Every structure is written in structure tokens, then in C-alpha cells.
Amino acid sequence: RAQGCRLYCGAARGDTLMAGSVCVYCSSSRHVAPEFFDLARTLGRGIAERGHSLIFGGANAGLMGAVAQSAKEAGGRVIGVIPKVLDEAGISFRECDELFVSNNLRERKALLHDHSDAYLAMPGGFGTLDEVFDALCLRLLKEHAKPLVFLNHGGFYDPLFSFFENLYSAKFAKEEVRRIYSAAPDVP
Numbered sequence: 066r067a068q069g070c071r072l073y074c075g076a077a078r079g080d081t082l083m084a085g086s087v088c089v090y091c092s093s094s095r096h097v098a099p100e101f102f103d104l105a106r107t108l109g110r111g112i113a114e115r116g117h118s119l120i121f122g123g124a125n126a127g128l129m130g131a132v133a134q135s136a137k138e139a140g141g142r143v144i145g146v147i148p149k150v151l152d153e154a155g156i157s158f159r160e161c162d163e164l165f166v167s168n169n170l171r172e173r174k175a176l177l178h179d180h181s182d183a184y185l186a187m188p189g190g191f192g193t194l195d196e197v198f199d200a201l202c203l204r205l206l207k208e209h210a211k212p213l214v215f216l217n218h219g220g221f222y223d224p225l226f227s228f229f230e231n232l233y234s235a236k237f238a239k240e241e242v243r244r245i246y247s248a249a250p251d252v253p
């Protein structure tokens, strides 16, 4: 565990997470369209029903809260990782099996990375993009070989993929990068 990181809930299992953990990057905004909340609930339930653990940003708000609550209700194991400043603001999802409280966002990303077997980016904002790009760049540097999936519900990420095409055509990125991530139109 990262130095200075506190662990709440489920300490009897320690900080060793079971295989098959899926890190979901998503928004904590309460103001996104209802269809994204439905998507988050479907995703959380699907992760639990497949016997995977959910690793997420640890908040009880927005899509984070929806995906975690749904996974929990479906009998899944839920592990949150939240920065101390947000935990102290009272927005931690306290029904998790384990909740890591990191000192900062950098430590949070490292903990998410260290305890995940795969990454899935739901439609989200700047925080979601920051985290998924971090996972993508680490994969580019061969620091991991974990699957990375953009949940492209309703074509949400199509403009981003178009931007990626600009990167490839202008030679700012190698076209082989396409092979290190994938897109799914909806929750399978």
C-alpha cells in the first residue's frame, strides 16, 4: 500500500485484491443525462454478475456512486480509491468492501493501476480522461499489458477517436497505438 494511505472497511482481507478486478473510470457529476446513470448501473451489475471486482474512484456521487451501488447490490466486491481531500468532504462511498484514501490524485492513480486487471472508461469529463490517458500512456511505455476499453455509448468518444486519427496522420502517434485500446458501443 502507498505510504500514508489509510484503508477503511474490509481490512480483514487486507489490501490484496482478487483477480479479475475491473477499474472503471467515470464521472462524479450528478448532472449528466439519466441514460448515463442507467449505463453505470448496467455496468456495475454486469461486473458483479461476471464475478469481477469493481475498482473505482471511491465517490458516492454521480456515475461513480451509481456503478458502485449497482455492483454492490448485485453481490459484487467494490473497492474505492479516493483522495483525502474528497474523503474529508464526505463524498466517499462507505458501502465499499475496501476504501483506500490516498494523499493525492497521483497516488490515487497509482493505487487504481496497481490493483486493476483491466480498465474501462465510461463517458466522463476531464478526470476520466486524465485517468484513462494515464493508463494508455503507461501501456505505451510497456508498464502494463492490461486491456483498456472506452465505453463509447451513443458515440460519446467518437470525437476523441477522430482526434486520435489526427494524431496518427500528423505522425504525433504511431498507428500501432490503435491496438492497445478498444471501444465497445455498450455494456456486453
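Going by the working numbering, the first residue of the sequence shown is number 66, and it counts up by one from there. Ideal placement from N, C-alpha and C gives every residue a C-beta, glycine not left out. Just so you know, these numbers come straight off a predicted model, no measurement behind them.
Nearest-angstrom beta carbon gap, residue j and residue i [assumed within contact, 8 Å]
{"i": "S321", "j": "N125", "result": "With the chain running from 66 to 253 in the structure shown, residue 321 is simply not present."}
{"i": "L119", "j": "I144", "result": "7 Å"}
{"i": "L216", "j": "A175", "result": "About 23 Å separates the two Cβ atoms, so there is no contact after all."}
{"i": "Y90", "j": "Y184", "result": "7 Å"}
{"i": "D182", "j": "K207", "result": "Incorrect: roughly 17 Å between the Cβ atoms, too far for contact."}
{"i": "L213", "j": "E196", "result": "Actually they are not in contact, since the Cβ atoms of L213 and E196 sit about 11 Å apart, beyond 8 Å."}
{"i": "A139", "j": "G109", "result": "7 Å"}
{"i": "K137", "j": "E114", "result": "Going by Cβ atoms, the distance from K137 to E114 rounds to 12 Å, so no, they are not a contact pair."}
{"i": "L201", "j": "I245", "result": "7 Å"}
For residue i, the three-state DSSP class (helix, strand or coil)
{"i": "L128", "result": "helix"}
{"i": "P250", "result": "coil"}
{"i": "Y233", "result": "helix"}
{"i": "C70", "result": "With a pLDDT of only 36 at C70, under 50, the local geometry of the prediction cannot be trusted, and the value read off the model is given with reservation. C70 falls in the coil class under three-state DSSP."}
{"i": "E208", "result": "coil"}
{"i": "L82", "result": "Any answer about L82 is weak, because its pLDDT of 33 lies below 50 and its placement is not dependable; what the coordinates show is given next. It is coil, neither helix nor strand."}
{"i": "A76", "result": "Note that A76 has pLDDT 28, beneath the 50 cutoff, so the model's placement of it is unreliable and the number below is only indicative. A76: helix per DSSP, three-state reduction."}
{"i": "A238", "result": "coil"}
{"i": "R244", "result": "helix"}
Opening and closing residue of the beta strand (DSSP E) in which residue i lies
{"i": "S93", "result": "It is not in any beta strand (DSSP E) - S93 carries neither H nor E in the DSSP assignment."}
{"i": "F221", "result": "F221 -> no beta strand (DSSP E), and no H or E assigned at all."}
Residue i: CB within 7 Å of a non-hydrogen atom of the ligand PLP
{"i": "G141", "result": "Within the structure as shown, the ligand PLP is missing, as the structure has no ligands at all."}
Which ranges would you report for the beta strand (DSSP E) in the region 152 to 185 if only whole runs of at least 3 residues count?
Within the region 152 to 185, the complete beta strand (DSSP E) segments at least 3 residues long are 163 to 167, listed from N- to C-terminus.
Give the list of continuous beta strand (DSSP E) stretches no shorter than 3 residues that lie fully inside the region 101 to 151.
Listed in chain order, they are 118 to 121 and 143 to 148.
Determine contact between the region 97 to 105 and the region 174 to 188, defined as no fewer than three beta-carbon pairs at a distance below 8 Å.
A contact exists between the region 97 to 105 and the region 174 to 188.
So does the region 231 to 251 actually touch the region 121 to 139, counting three or more Cβ pairs closer than 8 Å?
These segments do not touch.
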